[in-house]
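Data block below; observations after.
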Amino acid sequence: MPEQNRVRVEPAPEPPLLASRLTPAVPAEPVVARPRLLRRLDEGSAGPVTLVAAPAGWGKTTLLASWVRLGGAPPDVEPGAIVPDSGDLSVSSSDTPVSAWMSVEAGDDGDRLWAYLAAALRSATGSAPGGPVPDRPPRPDQLEALAATLAAADRPVLLILDDLHRVADPAALTGLEFLLRHAGRRLRLVIGARAGLHLPLHRLRLAGELTEIGPDELAFTDDEVADLLTAHAAALPAAAVHRLRERTGGWPAALRIAALAVRGQPDPERWVGQFGGDQPEIAGYLHEEVLATLDPAQEDLLRRTALVDTVCADLAEALTGRADAGQALADLAGTGGLLHREDTRPPWYRCESLLADLLRADLARLPADQLRELHVRAADWYAGAGRPADGLRHALAAGRWDLAGDLFVAHWPELTRYDRDPVHVPAPAPPPAEVIRADPEVALACAAERAYAGDLPAATGHLRAAAGHAAGLPVPRRDRFLRLVTALELTVARLADDRAEVRAAAARLLSTRPAQATPTRVPDSPPVGAASSAPTAGGGGAADDLDLRAFTGTALGLVELADGALPTARFVRARAAAREAGRPRAELVAASRAALLLAVRGELRTAEQAARDALGMPPSRGWSCRLDCGYAYLALAVVALLRDQPEEATTNLALALPALDAAGGWGGNPEVGDDWLTVDEPVAAAVAALCRAQLRRDSGDPAAGQRLLVRAREALADRPPTARLTGLLRAAEAELRAARGDLDSARELLAGAADEGADPVLAVTLAKVQLLAGDAAAAERTLPDWKAPAATAWPLPVRLEAALLDAVLADRAGDGRRAGRVLEQTLDLAGPQGCRRVFTHAEPPVRDLLAAHLDAGTAHFALVSDLVRGAGQSAAAPTAAGARSALDEPLTERELTILRYLQSILSNVEIASELSLSVNTVKTHVRNIYRKLDATRRREAVRRARELRLI
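Counting in this note's numbering, the sequence shown runs from 37 upward without gaps.
Structure below.
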């Protein structure tokens, strides 16, 4: 057989490796240092995996490159500093990991990926070609050898992988996952990626081995925006900086585009106000870098759901017809990062503002019939989901006049805006004249929609147009129609801050209630001539009556609250009516305000329940309602403060004040101006000042608390209805002045408090100041009768303060039996509400009374024991730990436990039974307690322990 010719085939040469892919990219200058993110990377890189994940333009590569070039977050890098392009990648400390950088490019398969991984790992480990680092996707034995090499390395290897989402083949990353698990934590990954990462993130997250930095952290703060603009020589006023950050959501790419563009604008502030995602530079970037990466189905989902501000799975399904819309939304929010998931159940999603601008501009270019169909779908869904305001807006946009009129008539109490900020949406096309003639309620629906959007002139115009058709309606319908007109007049007046007209419109509305209806107090009579425009009395049934009570009660309560009054009962009644009528939006407003006012009154259990009910309503409905939630959190802060839970009070205050736009006063600087005392919410601002002042006092800075109260009182000086609120502020300020030893100015502040009919909180505080000054007789004369029938209307903390002072005065007069009776009655009042602060932060005589009360016997033994300990911790006296260490032989924990029982009337046998110990063991502990406290009897040991603040 002839010998065949053999042709030798040479392997194709490997393409060269680019050095630019193995070194950090040089970002476009200037780059602003962001120490908070550099520190997060420092902290995260101490663990196995750190993932910086966000869509395009969020500064992932810039952040990672800056971090590597700076060698971490050095202490001398301040916010706003310009990062130098030093190119120095050296590691200065032998105990830090050695780093290696690798950039992934589109089209990298397993072979190409591992070629670069091998080069990066060799540079970090010092391995030579042909060593344990393979150039191609490794076999299992090669992986094990490489893992062993990494595990034995002197220093950990920190591998920075940028744009890892470009790896399309999951198998290409299998070896990397193996090394993470078996390299003995000597391999650490820092990954920059967009979405679709083929790594076991859920397992890493569950094991606590994953640090994640996402868009929320990558977003620029106001200060960072200002630094970026300054670096681009485009400084703006603070208000314009804040506006720009809000419009961009802190998106770095948009901010850089804005910084470059704003320099050439003749009116930069106006330009910032018009900045949006439909501008050519932003639109081009979003189309090329964001939308181009999506498949057509995802892009269509985003575009259709951009019709609404927030979207959930059911609404997305209605808009798109996709059964898998919920999963698609979750994917876009999770891996894609294009949607922000709200903390709600069920989850609601919000598109980034600039992307939403672009998508809505695309929507506007759809054929009119397609756009109308989308609005119809949205209107139908909202109408069936209990969101009538949104349903009305889309019904009008779709020209569904019948649906708009029906929605307004059925849901008018819910079609009023309670949020502070208007909803900026374009006005829908007005209905044809023939529609208004046939159905004038449609004009009222248009007025309601414009009032909700904050366009009050347009709302008034629609109202006038509707009123001209009232005369032609049959009587029952006309009465209902005129009631609805009056309700809209009330809404417009409230949004215009015309409080007199709100009261007048409420009076006209309430005058239509049937004679047998539940009475509702009206603050003012209607103006002369107003009755002619109101419907006749007696219209509507029980449901209409509930709507009127909920609607007018909420509106009048908000007006009184804005005046600085404390209309607790009005909000409580409005909440009950709204709940019975099934009006959740009005119920939320009334519940949140009632919670705060009830907390100020000391009705802590009811206040806490109302606040938690209020906080539970928005998440389930996709609402924002920041202002309502701010009131609820502030109520919980007051409850926690009165229960002597300062940490919880501080936490709830931190949640409340930003929502109330009062963050300036919470920032911790007592010298800030009083602009944080918002004119719109004077009661909330004053209560926040009261809470903050008490916390400042507790932390040892009564002067700062006093300054807060002075500013709060001055801010309310020109508001006559604020007498009760001002009284609380004056009393708290006087107490702080007295605590600082300034008794004279405290008395001056309380001038007139001893007069007949004076505010009881001022009278009680004056009596406390007089007792501090040593004038017990004057304190007894000033102290009002806390047991009188009228005293039941006082706030509970005021009544408890008066009762405690009465007990102290009785004890000073030598009437110990009466002091004990009064103290027991005080505990009866305080116990059900858990009101502890009046005891734990009272003057030392109160603590002594409580301690003596334990010896005498009480039905509140556990409570009094706890109060005695709490009062001891609050007093300026040696701590228990200090006292124990001061003893020659400190008490053990078991001895301290038994010592607390020695305060009671329990025998040794009963104490042994309570603690599940033998009687002999208890007797041994008691003998040790006597010896260590140098006592010979039980009463003497208890007295000595109290002197040392051990109990």
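We put the beta carbon where it would ideally sit given N, CA and C, even for glycine. Only a predicted model underlies this, so the values are computations on that prediction, with no experimental measurement involved.
Boundaries of the beta strand (DSSP E) in which residue i is found, first to last residue
i, result
"T548", "Element bounds for T548: n/a, residue is neither H nor E."
"E248", "L246 to I249"
"D198", "V193 to D198"
"I947", "Run containing I947: none in the beta strand (DSSP E); it sits in the alpha helix (DSSP H), N944 to L951."
"A136", "V134 to S139"
"R105", "R105 -> not in any beta strand (DSSP E); alpha helix (DSSP H) instead, spanning K96 to L106."
"I227", "L223 to A229"
"Y418", "Premise fails: Y418 lies in the alpha helix (DSSP H), A404 to G420, not in any beta strand (DSSP E)."
"Y385", "Y385 to C387"
"H498", "Element bounds for H498: not the beta strand (DSSP E) but the alpha helix (DSSP H), L492 to A503."
"A89", "V85 to A89"
Boundaries of the alpha helix (DSSP H) in which residue i is found, first to last residue
i, result
"T801", "P796 to L808"
"I293", "P288 to V298"
"C27", "This structure cannot settle anything about residue 27, because the visible part of the chain is limited to 37 through 987."
"V595", "A578 to D599"
"V958", "V955 to L969"
"R766", "A759 to A775"
"R75", "P71 to G80"
"R381", "Counting along the chain, R381 falls outside any alpha helix (DSSP H), and DSSP gives it neither H nor E."
"I318", "P316 to Y321"
Residue from the options whose Cα sits closest to the Cα of residue i
i, options, result
"L375", "R381, P382 and L365", "L365"
"D405", "R436, A342, G320 and A829", "R436"
"V203", "L216, H234 and V104", "H234"
"D821", "V746, R377, L179 and D795", "D795"
"L786", "L772, D778, R766 and A775", "R766"
"R175", "C871, D145, G143 and A208", "A208"
"L439", "A415, Y152 and T452", "A415"
"L582", "L54, A617 and D177", "A617"
"W417", "G652, S159, R230 and G357", "G357"
"A495", "G504, P382 and A484", "A484"
"W448", "L410, P466 and Y488", "Y488"
"F311", "T828, E325 and A295", "A295"
"A815", "A846, H505 and L832", "A846"
"P466", "R279, R429 and L330", "R429"
Contact under 8 Å by Cβ, residue i with residue j
i, j, result
"T894", "E950", "no"
"T98", "V140", "no"
"R611", "A626", "yes"
"I227", "T86", "yes"
"L840", "A803", "no"
"L1059", "C482", "The chain is shown only over 37 to 987; residue 1059 falls outside these bounds and no answer can be derived."
"A673", "A692", "yes"
"T522", "R544", "yes"
"A622", "A586", "yes"
"V608", "V538", "no"
"E260", "A92", "no"
"A695", "C665", "yes"
"A156", "A136", "yes"
Nonlocal neighbours in the same chain, by C-beta distance under 7 Å from residue i, ignoring five residues either side
i, result
"R222", "L186, A187, A189, P192 and V193"
"S129", "Because the pLDDT at S129 is just 49, under 50, the model does not fix this residue reliably, and the point stays unresolved."
"R974", "L938"
"R848", "A812"
Other residues of its chain near residue i: CB distance less than 8 Å, five sequence neighbours each side excluded
i, result
"A532", "L492"
"L935", "L927, I965, A977, V978, A981, L986 and I987"
"A790", "A799, L802, R817 and T818"
"E353", "A359, A361 and G362"
Neighbourhood of residue i by C-beta, 6 Å cutoff - its chain only, sequence neighbours within 5 removed
i, result
"Q939", "L890 and V978"
"L246", "V85 and L240"
"G918", "Below a pLDDT of 50, predicted positions are generally treated as unreliable, and G918, at 45, falls in that range; no measurement from the model is reported."
"A647", "A631, A668, A671 and L672"
"A685", "A673, A676 and L677"
"A502", "P476, A479 and L480"
At least 3 beta-carbon pairs within less than 8 Å: the segment 266 to 286 vs the segment 294 to 312: With the cut-off at 8 Å, the segment 266 to 286 and the segment 294 to 312 touch.
Cβ contact (3+ pairs, closer than 8 Å) linking the segment 417 to 425 and the segment 393 to 403: Because the criterion of three Cβ pairs below 8 Å is not met, the segment 417 to 425 and the segment 393 to 403 do not touch.
Stretch-stretch touch, CB-based, cutoff 8 Å, three pairs: the segment 581 to 600 with the segment 752 to 769: Yes, the segment 581 to 600 touches the segment 752 to 769.
Three-pair Cβ contact test at 8 Å for the segment 69 to 80 versus the segment 146 to 161: They do not touch, by the three-pair rule.
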